[in-house]
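First the structure, in the form of structure tokens, and then the observations on it.
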Amino acid sequence: MAFQLPALKYDYKALEPYIDAMTMDIHYNKHHGGYTNNLNAAIEGTSLTALPIEEILKDVSKLSPAVRNNGGGYYNHNLFWEIMSPNGGGRPQGELLNLIEKFFGSFNEFKEKFSNAAATRFGSGWAWLVWSDGSLKVFSTPNQDNPLMDVAEIKGIPILGLDVWEHAYYLKYQNRRPEYIQNFWNVIDWKAVESKLQMAISKL
Amino acid sequence: MKHELPKLPYAMNAVSQAISERTIEFHYGKHHQAYVNNLNSLIPGTPFENATLEQIILEAEGPIFNNGAQVWNHTFYFETFSPLPKQQPEGEFMWLLVETFGSFDEFKSKFSTAAATLFGSGWAWLVVDTNGKLAITQESNAGNPLRKGQKPLLTCDVWEHAYYLDYQNRRPEYIQAFWSIIDWSIIEKRFLAAK
Ligand SMILES: [Fe+2]
Ligand SMILES: [Fe+2]
Numbered sequence: 006m007a008f009q010l011p012a013l014k015y016d017y018k019a020l021e022p023y024i025d026a027m028t029m030d031i032h033y034n035k036h037h038g039g040y041t042n043n044l045n046a047a048i049e050g051t052s053l054t055a056l057p058i059e060e061i062l063k064d065v066s067k068l069s070p071a072v073r074n075n076g077g078g079y080y081n082h083n084l085f086w087e088i089m090s091p092n093g094g095g096r097p098q099g100e101l102l103n104l105i106e107k108f109f110g111s112f113n114e115f116k117e118k119f120s121n122a123a124a125t126r127f128g129s130g131w132a133w134l135v136w137s138d139g140s141l142k143v144f145s146t147p148n149q150d151n152p153l154m155d156v157a158e159i160k161g162i163p164i165l166g167l168d169v170w171e172h173a174y175y176l177k178y179q180n181r182r183p184e185y186i187q188n189f190w191n192v193i194d195w196k197a198v199e200s201k202l203q204m205a206i207s208k209l
Numbered sequence: 100m101k102h103e104l105p106k107l108p109y110a111m112n113a114v115s116q117a118i119s120e121r122t123i124e125f126h127y128g129k130h131h132q133a134y135v136n137n138l139n140s141l142i143p144g145t146p147f148e149n150a151t152l153e154q155i156i157l158e159a160e161g162p163i164f165n166n167g168a169q170v171w172n173h174t175f176y177f178e179t180f181s182p183l184p185k186q187q188p189e190g191e192f193m194w195l196l197v198e199t200f201g202s203f204d205e206f207k208s209k210f211s212t213a214a215a216t217l218f219g220s221g222w223a224w225l226v227v228d229t230n231g232k233l234a235i236t237q238e239s240n241a242g243n244p245l246r247k248g249q250k251p252l253l254t255c256d257v258w259e260h261a262y263y264l265d266y267q268n269r270r271p272e273y274i275q276a277f278w279s280i281i282d283w284s285i286i287e288k289r290f291l292a293a294k
């Protein structure tokens, strides 16, 4: 069965003023929609169509660049929309906060580390918070790579991701990527991140 | 050595049939300028303190390479635009383009494909390769053909910042418009110098 562009759980202007409606519209329909269509075209007629996206990405080094790029683009944007909300922001709670404090010292130190990973990724890519080998880690990947891929420098299950392709922020922030990163903290849905953490822990 | 942002050889709104004044303001005024500033703040106390951009491109790694190569790449890119461009090459260079790619249109079409299909941020190039032949190549991020011993003649910036304000996700439209402001007299001069 072909992969579907998942419905957004909020409308295009819901994340304003931090992410503008025009960016949401183009990012979701054109970019994410494009990855979805290109992924389906790249795997059409192969046995990959029977696999969940996570399984495809696991062995991506053996597959074509089209599967790596579009499969990554498909998965990464699914996650990105899920971990944002118009009611987002604030701080994580419960076990997520405990683990963040355990592995990064404090929420603020984590924030700084994650923001720095996002700001220093040269070119296009993503910053990640990952459940990896029993700990939380922060790092970034180029282009549409992600921590599920066998090509990733750190492997694990991503629970928070920030798109730092210029298309994610250029209409509103132009060259000011740090301002976009700063504003991202206002729309993070920490409940969604927590539930991704719980799923990641139960899988490993 | 303090690196400087070279002056643009035309007004910010001069090529607005293809690239808006606003895009040039950010691309040249912010991005290109930032690469210059970053480079100047990175090199003091390193072996590259007095190096030329070409030396940096050949030898540096990491942020010094990235910023140095981006300074060079953007200068090389902005230099080729003109509000009244020579629309197509002639002479020996044209002859070689036709011999290598079939026709001028074929060349443009192959170069456009290279620019359109580069995944992520980067540059499409026309180069004289190490065998002295014309070739179309792609480089990711700050990549530069000098690093591979090739001689660059023409480049198209396909970082999203180069076209997003004007064309958003429609990169092929930007590439199409790019051809209308390329001054082939500049590429011909580069070819003669590369020979
Ligand atoms: Fe994106
Ligand atoms: Fe650029």
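Top line first, the protein sequences correspond to chains A and B.
Under our numbering, the first residue of the first sequence carries the number 6, and numbering increases by one thereafter.
Under our numbering, the first residue of the second sequence carries the number 100, and numbering increases by one thereafter.
Yeah, the Cβ is synthetic: ideal placement off N, Cα and C, and Gly gets one too.
Same chain, Cβ closer than 6 Å to residue i, five either side skipped, listed in chain order
{"i": "B/W224", "result": "T236, P244, P251 and T254"}
{"i": "A/P232", "result": "Only positions 6 to 209 of chain A appear in the structure, and residue 232 of chain A is not among them; the question remains open."}
{"i": "A/G78", "result": "Y40 and Q149"}
CB contact check: residue i to chain B, cutoff 7 Å
{"i": "A/S129", "result": "yes"}
{"i": "A/I31", "result": "yes"}
{"i": "A/Q187", "result": "no"}
{"i": "A/H36", "result": "yes"}
Other residues of its chain near residue i: CB distance less than 8 Å, five sequence neighbours each side excluded
{"i": "A/H82", "result": "H32, Y33, H36, H37, Y40 and D168"}
7 Å Cβ shell around residue i - same chain, five flanking residues per side excluded
{"i": "B/Y176", "result": "T254 and D256"}
{"i": "B/Q132", "result": "L104"}
{"i": "A/P11", "result": "N83"}
{"i": "B/K185", "result": "D282, W283 and S284"}
{"i": "A/L176", "result": "D25, M27 and T28"}
{"i": "A/A7", "result": "N45"}
{"i": "A/K160", "result": "S137 and P152"}
{"i": "B/R246", "result": "I156 and L157"}
Residue i: contacting residues in chain B (beta-carbon distance under 9 Å)
{"i": "A/L176", "result": "Y263, L264 and Q267"}
{"i": "A/N148", "result": "F218, G219, S220 and S239"}
{"i": "A/N74", "result": "F218 and G219"}
Proximity test, Cβ basis, 7 Å: residue i and chain A
{"i": "B/G219", "result": "yes"}
Collapsed DSSP secondary structure at residue i in the structure displayed
{"i": "B/T151", "result": "coil"}
{"i": "B/V135", "result": "helix"}
{"i": "B/F180", "result": "strand"}
{"i": "B/A216", "result": "The sequence given here places Thr at residue 216 of chain B; Ala does not occur at that position. In the structure shown, B/T216 sits in a helix (DSSP, three-state: H, G or I)."}
{"i": "A/P57", "result": "coil"}
{"i": "A/P163", "result": "strand"}
{"i": "A/I24", "result": "coil"}
{"i": "B/A293", "result": "helix"}
{"i": "A/V198", "result": "helix"}
{"i": "A/S213", "result": "Because chain A here runs from 6 to 209, residue 213 of chain A falls outside it and cannot be looked at."}
{"i": "A/S137", "result": "strand"}
{"i": "A/M89", "result": "strand"}
{"i": "A/D16", "result": "coil"}
{"i": "B/P99", "result": "Nothing about residue 99 of chain B can be reported from this structure: the residues present for chain B run from 100 to 294 only."}
{"i": "A/P152", "result": "coil"}
{"i": "B/D256", "result": "strand"}
{"i": "B/A110", "result": "coil"}
Under 7 Å by beta carbon: chain B residues contacting residue i
{"i": "A/W170", "result": "E259"}
Neighbour list for residue i in chain B, Cβ cutoff strictly below 8 Å
{"i": "A/Q179", "result": "F125, K129, H260 and L264"}
Interface partners of residue i on chain A, CB under 7 Å
{"i": "B/N165", "result": "F127"}
Within chain A, partners of residue i - CB distance below 9 Å
{"i": "B/A133", "result": "N180"}
Note to self: If contact is defined by three or more beta carbon pairs under 8 Å, each pair taking one atom from either stretch, is the region 145-165 of chain B in contact with the region 213-232 of chain B?
What the structure shows: no
Margin query: Does the region 133-142 of chain A come into contact with the region 94-112 of chain A, if we say contact requires no fewer than three beta-carbon pairs (one atom in each stretch) closer than 8 Å?
Written below: yes
Note to self: Counting beta carbon pairs with one atom in the region 200-207 of chain A and one in the region 124-141 of chain B, are three or more of them shorter than 8 Å?
What the structure shows: no
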